[in-house]
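Shown next, in structure tokens, is the structure this report addresses.
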Amino acid sequence: MSSRPGPSLQRLIKPTLNTPFHIDLDWWKRKGQDLRAYLMSHLCPEHRERFLAHPEETEIDWVDPETAEVRRVDGLWHILLQHCSRQPDFITPQTPLTDAVFRLLLVNGNQPMTPRQIAQALQKRTGRWEDPQKILQTIGGRVVHQGIRPVLE
0 MSSRPGPSLQ RLIKPTLNTP FHIDLDWWKR KGQDLRAYLM SHLCPEHRER FLAHPEETEI
60 DWVDPETAEV RRVDGLWHIL LQHCSRQPDF ITPQTPLTDA VFRLLLVNGN QPMTPRQIAQ
120 ALQKRTGRWE DPQKILQTIG GRVVHQGIRP VLE
């Protein structure tokens with residue numbers, strides 16, 4: 000039996016500015032949403048076209064530059080992290096806040112980030128300052144945006 004609170008219990012816990020958030024991959028499954036299709040919407044135009052033309056190609060061989068070890072990795076995640084996220088228009092001052100947070104979490108390898116860390120990362124990346132309290136109100140409320148949820152352990 001898992002010690003993590005279930006979705007209904009999570010709604011009772013009020014996140015704070017120090018609560019870490021991540022993209023809850025299980026949320027996408029529970030909601031019957033297609034995470035891969037949503038991830039494709041974040042690809043740069045060049046790679047979006049390529050993935051739409053060959054949607055069956057989900058895994059690729061990747062050579063670790065440190066160890067030269069060859070591993071099978073999800074091609075979509077890989078190209079998002081290694082190419083698209085490095086494009087200057089991946090996150091801009093005009094990117095809607097929920098998209099910007101989602102993309103920051105992607106860039107961060109879905110490692111949890113607090114609203115304060117998200118605000119700092121947004122400012123560093125785009126020069127855009129968002130009040131951490133506004134970020135918390137946006138992603139920490141009752142409505143879950145794009146699977147962005149608090150990490151509760």
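Just so you know, we're using numbering that gives the first Met the number 0 here: the sequence shown kicks off at 0 and counts up by one. We put the CB at the ideal spot given by N, CA and C, even for glycine.
Asked                                                                                              : Found
Helix, strand or coil at Arg-127 [DSSP, three-state]                                               : coil
For Ile-22, three-class secondary structure by DSSP                                                : strand
Proximal residues to Phe-163 (C-beta, below 8 Å), its chain only, five neighbours per side dropped : An answer regarding residue 163 cannot be provided, because it is not within the stretch 0 to 152 covered by the chain.
Contacting residues, own chain, Cβ-Cβ under 7 Å from Phe-50 (five flanking each side not counted)  : Met-39, Leu-42, Leu-75
Per DSSP, the bridge partner or partners of Arg-148                                                : His-21
Distance, Gly-126 Cα to Asn-107 Cα                                                                 : 18 Å
Length of the line joining the Cα atoms of Pro-95 and Arg-29                                       : 25 Å
Straight-line gap, Gln-119 to Asn-109 (C-alpha atoms, nearest Å)                                   : 16 Å
Supposed contact pair Ile-59 and His-77 - C-beta distance, whole angstroms, cut 8 Å                : 6 Å
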